[in-house]
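Scroll down for the structure; my scribbles are underneath it.
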Amino acid sequence: MSHTTHDSGVAVSAIPSPDEGLTAAQLAAKYGLAVSGARPSLPEYVRQLWGRRHFVLAFSQAKLTAQYSQAKLGQLWQVATPLLNAGVYYFIFGVILHASRGLSQDVYIPFLVTGVFVFTFTQSSVMSGVRAISGNLGLVRALHFPRASLPISFSLQQLQQLLFSMIVMFVVAIGFGSYPSLAWLLIVPVLLLQFLFNTGLALIVARMGAKTPDLAQLMPFILRTWMYTSGVMFSIHKIMEGRSEIAVRLLQVNPAAIYMDLMRYALIDGYGASNLPPHVWAIALFWAVAVFAGGFVYFWKAEERYGRG
Numbered sequence: 001m002s003h004t005t006h007d008s009g010v011a012v013s014a015i016p017s018p019d020e021g022l023t024a025a026q027l028a029a030k031y032g033l034a035v036s037g038a039r040p041s042l043p044e045y046v047r048q049l050w051g052r053r054h055f056v057l058a059f060s061q062a063k064l065t066a067q068y069s070q071a072k073l074g075q076l077w078q079v080a081t082p083l084l085n086a087g088v089y090y091f092i093f094g095v096i097l098h099a100s101r102g103l104s105q106d107v108y109i110p111f112l113v114t115g116v117f118v119f120t121f122t123q124s125s126v127m128s129g130v131r132a133i134s135g136n137l138g139l140v141r142a143l144h145f146p147r148a149s150l151p152i153s154f155s156l157q158q159l160q161q162l163l164f165s166m167i168v169m170f171v172v173a174i175g176f177g178s179y180p181s182l183a184w185l186l187i188v189p190v191l192l193l194q195f196l197f198n199t200g201l202a203l204i205v206a207r208m209g210a211k212t213p214d215l216a217q218l219m220p221f222i223l224r225t226w227m228y229t230s231g232v233m234f235s236i237h238k239i240m241e242g243r244s245e246i247a248v249r250l251l252q253v254n255p256a257a258i259y260m261d262l263m264r265y266a267l268i269d270g271y272g273a274s275n276l277p278p279h280v281w282a283i284a285l286f287w288a289v290a291v292f293a294g295g296f297v298y299f300w301k302a303e304e305r306y307g308r309g
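Per UniProt numbering, the sequence shown starts with residue 1, numbered consecutively.
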C-alpha cells in the first residue's frame, strides 16, 4: 500500500501487517484464542465434571430440601405421595380389576408398593431431566460449568428421595411377612444399576428438552404408557401365562420391569426367581451401562449449544 503527499510529492509505503491475509481461524491459532464455551474433549469433560462433584451433591440436596418447603408436612410428602399412589392403584387394580392374579395378598401389597416406589424413581428422574437445561437457563447462561452436572444432580436428588422412602417399603414388607435376610443386600446393586440407567435417561431427555421444551408436556403421557406396560400393578409372569413366550420376554426385559422385579426379588420372600427372566442380572447391567454411557456421550456432543437460545 502506498500514497503520495501533495506537499512534497514523496511516496510513502506502509509496512504490511504480519497478520495480513490470515483467516480468522489462523489468527485465533496464532494468538492462542479459543471459542468461548467450546466443547472440551470427552476425557477433559469427565475431569471437569469430577471437579464439580461437590456442587452436584450440594445442588441435589438443596433441590430436595426446597421441593416441599411450601407444604406443611414438608419432607413427609416424599413418602406420602408414592404411598397414596400405591393405595389408589391397589383399590383399582387389586380390588376392582383383580390384577393380583397368581399372587397372595401377603405378596401383592408389598409387590405393588415396591413397584410404585421404584418406578417413581425412574419417572421422577426423567421428568426432572427433561427440564434440567430449559428450566435452569439463568444458571446455564450465567456460569461456566459442565452442563451434565444438572441432570446428574437431579437424578441424585431422586435417589436420595427414594432412599428416604425405602423406610416405608421395609415397613410394608416386614408387615406382610418378609423379614430382613441376606437377600436384602441385593438392594444395593439394584439401586446402583437403576441410578446409572436413570441418569443416562435424564441426560438424553435433558438434551432433547433443551432443544424442544414442549417435550416436558408430552413426557407424562409417555411415562404413563411405560408404567402400564412395565408390570407396576401386576406380575408380567403371571398375567401373561399362556401367551407367546416372545411377548412375555419382551415385556420382562423392559428396563423398568427389570429393576422393579429385582427389587421385589430381593425384598419379598414370596416373590421367587421364577418371576424373573433368564440372565436378569446381565440384562440389568447392560441397560445401566449402555444407557448411561450412550446418554453421557449424547449429552456431551451438544455441550456448546446449551443456553444459546
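The beta-carbon is built from N, C-alpha and C at its ideal position, and this holds for glycine as well.
Report yes if the C-beta distance between Leu203 and Gly129 is below 9 Å; otherwise report no.
Yes; because the gap between Cβ atoms is below 9 Å, this pair is in contact.
Given that a residue counts as buried once 16 or more other Cβ atoms are within 10 Å of its Cβ, and exposed if not, what is Tyr89?
So Tyr89 ends up on the buried side.
Quick check on DSSP: helix, strand or coil for Arg131?
In this structure, Arg131 counts as coil in the three-state DSSP scheme.
DSSP state of Tyr204, grouped into three classes?
The residue you asked about is not Tyr; residue 204 is Ile in the sequence shown. Ile204 falls in the helix class under three-state DSSP.
Taking DSSP as the reference, what is the three-state secondary structure of Glu241?
The answer is coil: DSSP assigns Glu241 none of H, G, I, E or B.
Assuming Asn121 and Gln158 form a contact by the criterion Cβ under 8 Å, report the distance between their Cβ atoms to the nearest whole angstrom.
According to the sequence shown, residue 121 is Phe rather than Asn. That belief holds up - the Cβ atoms of Phe121 and Gln158 are roughly 6 Å apart, short of 8 Å.
Excluding the 5 residues preceding and the 5 following Arg39 in the sequence, name in chain order all residues of the same chain whose CB lies nearer than 6 Å to its CB.
Excluding residues within five positions, the ones whose Cβ falls inside 6 Å are Glu303, Glu304.
Mapping the DSSP letters down to three states, classify Gly270 as helix, strand or coil.
Three-state result, Gly270: coil.
Thinking C-beta only, is Gln252 closer than 9 Å to Ile239?
Not in contact: Ile239 and Gln252 (Cβ atoms no closer than 9 Å).
Ignore the nearest five residues each way along the sequence and tell me which others in Phe119's own chain have a CB closer than 7 Å to its CB.
So the list reads Met227, Ser230, Val232, Ala256, Met260, once near-sequence residues are dropped.
Spatial neighbours of Ala290 within its chain, please: CB distance less than 6 Å, with the 5 preceding and 5 following residues excluded, ordered by chain position.
So no residue of the chain qualifies.
Measure the Cβ-Cβ separation of Ile190 and Ala266 and say whether it is below 9 Å.
The question names Ile, yet the displayed sequence has Val at residue 190. Taking 9 Å as the Cβ cut-off, Val190 and Ala266 qualify as a contacting pair.
Output the boundary residues of the alpha helix (DSSP H) element that contains Trp184.
Neither: Trp184 is in no alpha helix (DSSP H) and is coded neither H nor E.
Counting Cβ pairs closer than 8 Å, one from the segment 263-277 and one from the segment 180-187, do we hit at least three?
In short, these stretches touch, since the Cβ pair count reaches three.
List, from N- to C-terminal side, the alpha helix (DSSP H) runs of 4 residues or more that fit wholly inside the segment 40-74.
The qualifying runs are 42-51, 53-67.
Is the number of C-beta pairs between the segment 191-211 and the segment 74-86 that are closer than 8 Å three or more?
Cβ pair count under 8 Å is below three, so no.
Nearest to Gly294 by alpha carbon, out of Leu84, Leu201, Phe145, Ile167?
It is Leu201.
Is it the case that the Cβ atoms of Ile133 and Gly242 are separated by a distance below 9 Å?
Contact: no.
Could you pull out every residue in the same chain whose Cβ sits closer than 7 Å to the Cβ of residue 314, ignoring the five residues on either side in sequence?
The question about residue 314 has no answer, for the chain in this structure spans 1 to 309.
Mind checking Phe91: buried by the 16 CB within 10 Å criterion, or exposed?
Phe91 comes out exposed.
Could you have a look at Ser2 and say whether DSSP puts it in helix, strand or coil?
Confidence at Ser2 is low in this model, with a pLDDT of 49, below 50, so the placement of that residue should be treated as unreliable; the coordinate-derived value is given next. In the structure shown, Ser2 sits in a strand (DSSP, three-state: E or B).
Could you tell me the alpha carbon to alpha carbon distance between Arg249 and Met166, rounded to whole angstroms?
Going by the C-alpha atoms only, they are around 28 Å apart.
Output yes or no for whether 9 Å exceeds the beta carbon distance between Pro146 and Gln61.
In this structure, Gln61 does not lie closer than 9 Å to Pro146 by Cβ.
Suppose the cutoff is 6 Å on Cβ atoms and the five residues either side in sequence are ignored; what does the same chain contact list for Asn254 look like?
Excluding positions up to five away in sequence, the list reads Ser230.
Taking C-alpha atoms, which residue in Leu137, Leu42, Asp106 lies nearest to Ala173?
It is Asp106 whose Cα lies nearest to the Cα of Ala173.
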